[in-house]
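Here the structure comes first, spelled out in structure tokens, and everything after it is commentary.
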Amino acid sequence: MTVRRVARFRPFREQDNRHSGAWDFVRKGVLRVLDLLAVSMAILLVLAPFVWRKSKADKVVDAWSQPRMSEISRVEKDWMTLPRLPEFTRGDEPVVKEFLNAEPLVLAVRARSAPRNLWIRRGDALVRAEGDTEAPTLNAWFAKAEKDQVFISLPTDVLPGEQRSGPKVVLQGDRWAVAKAWREGSPEVEQFLRNHFGPAPSFRVVLLKDGDEARKDLSPQAWGAEPHLQGDPYWGVHSAFSVQLISNEFPGWTFTVIPFRAEGRAIQLNLRMQFALAAALAVIVGLSLVLALYLRARARRKATLDADRMASMTHSLKTPLAILKFRCDTLRLGRLPPDQLDSQLIQIGEEADRLSAIIEHALMAIQGPSESGPQQDVNPQWIQGVAEDLAPAFEAENRRLVLTCSDQAG
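Here the sequence shown stands for residues 154 to 563, numbered as in the numbering used here.
Structure (structure tokens):
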């Protein structure tokens, strides 16, 4: 008994197509969201090293400054502390010399009970201010503090011969009033800092005036270079890093602490190396992500192209298959006279050759140069199945359909 195998297909339903379209829409939406997330992650990877460097730099500066805050606070405290003045009559007594050596920033003293009794510092001694050019300015400071009835007064007048006015303070006690002046670059400021920091200082001090950071004419000064403990505004602005303190003890000034150059460069070099490492890791991860997106997009384009080729091949196969079926049915039903059988078989052979050529060209187009096309869709087994479907028609006419397929695709 002749048996013909017929391929059965599930009937097309519009509802199935509707569900498939909805699923494709959802899938494409999810893929686009994933693409946006990947692009956002790539942008974050570019910005991450810079954000990390800023955070890391702040942490390094905090770790460097915390152990030194006690010394910094002591400098501010001593600046605003009224020193204990010893008893003296001439101003050049040994106790006066010891006092001035311990308090190098003291500029002048005046007895509160005798306003005319003004003594001005000259070297390591105190002298009476008789005809001194600084006497009127100093007396005005003391008079203002006495008038305001305050223990601490912060004058802003410029002393005669002073090029860059530094911080000044007037401290009033029960018997004496003392005036101090922070004169940048003076030996007194250097001695004051060394008295506090000892033989092994761990940082330098700079007083920055409001607006110094925006100045373009700053240049290094000899008195502000290492190994001096006081730095000039140039080093305060151009140091590797600095710790700036807004202090009420120095109104109009910023008390700035900077490291020694060797230590600052070492810390800065370490930060740069860590930043370079973080940037390299971010670049590697970012490039990997971009490469993955590129390969994914390329695979999607290739899959779309292969699908179009398969659809085109399927459409091209419909005509020769229909012709083969028609002519085989004609032979099977015996509708042709015997003299036309040979011509009909020749036409069947031509259509079979055309079918083979279409399949071969389609496989070559799908495989491409790399031979990586979807060979499981159209392969020798599939063609063998088509031949088996056609074989019963030939057997009914006592003929055989012989199909030889190669083991390799293409």
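The C-beta atom is built at its ideal place from N, Cα and C for all residues, glycine as well.
| Query | Result |
| --- | --- |
| Using three-state DSSP, classify W335 as helix, strand or coil. | coil |
| Which partner residues of S208 appear in the DSSP bridge assignment? | DSSP, once it has assigned bridges, lists no residue as partnering S208. |
| For the candidate residues R454, P340, A445, whose alpha-carbon lies nearest to that of A191? | A445 |
| Between which residues of its own chain and I501 is the CB-CB distance below 6 Å, once the five residues before and five after are set aside? | R480 |
| Let me confirm a value: K369 is counted as buried when at least 16 other C-beta atoms fall within 10 Å, else exposed. Which label applies? | exposed |
| Starting from I411, trace the beta strand (DSSP E) in both directions and tell me its first and last residue. | 406-411 |
| According to the neighbour-count rule (16 or more other Cβ atoms, all chains shown, within 10 Å of its Cβ), is P386 buried or exposed? | buried |
| State the DSSP-derived secondary structure class of Q374, mapped to helix, strand or coil. | coil |
| Please report the residue range of the beta strand (DSSP E) in which K362 lies. | 357-362 |
| With a CB to CB cut of under 7 Å and the five nearest residues on each side skipped, what residues in its chain are close to L554? | A540, L543, A544, F547 |
| Given A210, which residues of its chain have a CB within under 8 Å of its CB, disregarding the five upstream and five downstream residues? | F394, L424 |
| Helix, strand or coil: how does DSSP classify G369 here? | Inspection of the sequence shows that residue 369 is occupied by Lys rather than by Gly. In the structure shown, K369 sits in coil (DSSP, three-state: anything other than H, G, I, E or B). |
| Go ahead and pull the three-state DSSP assignment for Q302. | coil |
| Between the Cα of D245 and the Cα atoms of A216, V280, T409, L238, which residue gives the shortest distance? | V280 |
| Cβ atoms of H391 and L371: under 9 Å apart, would you say? | yes |
| Looking only at DSSP bridge pairs, what is K321 linked to? | A334 |
| So V331 and I305 are in contact, right, with Cβ under 8 Å, and what is the actual spacing, rounded? | That pair is no contact at about 11 Å. |
| Restricting to Cα atoms, I'd like to know which of N348, L360, K207 is closest to R317. | L360 |
| When the Cα atoms are used, what is the spatial distance from W176 to I476? | 37 Å |
| In terms of alpha-carbon separation, which member of L448, L324, L200, R265 lies closest to T234? | L324 |
| Could you name the residues that DSSP lists as bridge partners for L271? | R263 |
| What three-state label does DSSP hand L312 in the structure shown? | coil |
| Quick one: grab the DSSP three-state call for R237. | coil |
| Between which two residues does the beta strand (DSSP E) harbouring A282 extend? | It is not in any beta strand (DSSP E) - A282 carries neither H nor E in the DSSP assignment. |
| Taking 8 Å as the cut-off, does the region 192-199 touch the region 425-443 (at least 3 CB pairs, one atom from each stretch)? | yes |
| Is the beta carbon of Y336 less than 9 Å from the beta carbon of I411? | Per the sequence presented here, residue 336 reads as Arg, with Tyr not at that position. Result no, Cβ atoms of R336 and I411 do not sit closer than 9 Å. |
| Have a look at R485 and L498 and give me their C-alpha separation to the nearest angstrom. | 12 Å |
| Please confirm whether R274 and L307 have their CB atoms less than 9 Å apart. | no |
| So V344 is in the beta strand (DSSP E); what residue range does that whole segment cover? | The sequence shown places Gln at residue 344, not Val. Counting along the chain, Q344 falls outside any beta strand (DSSP E), though it belongs to the alpha helix (DSSP H) covering 340-350. |
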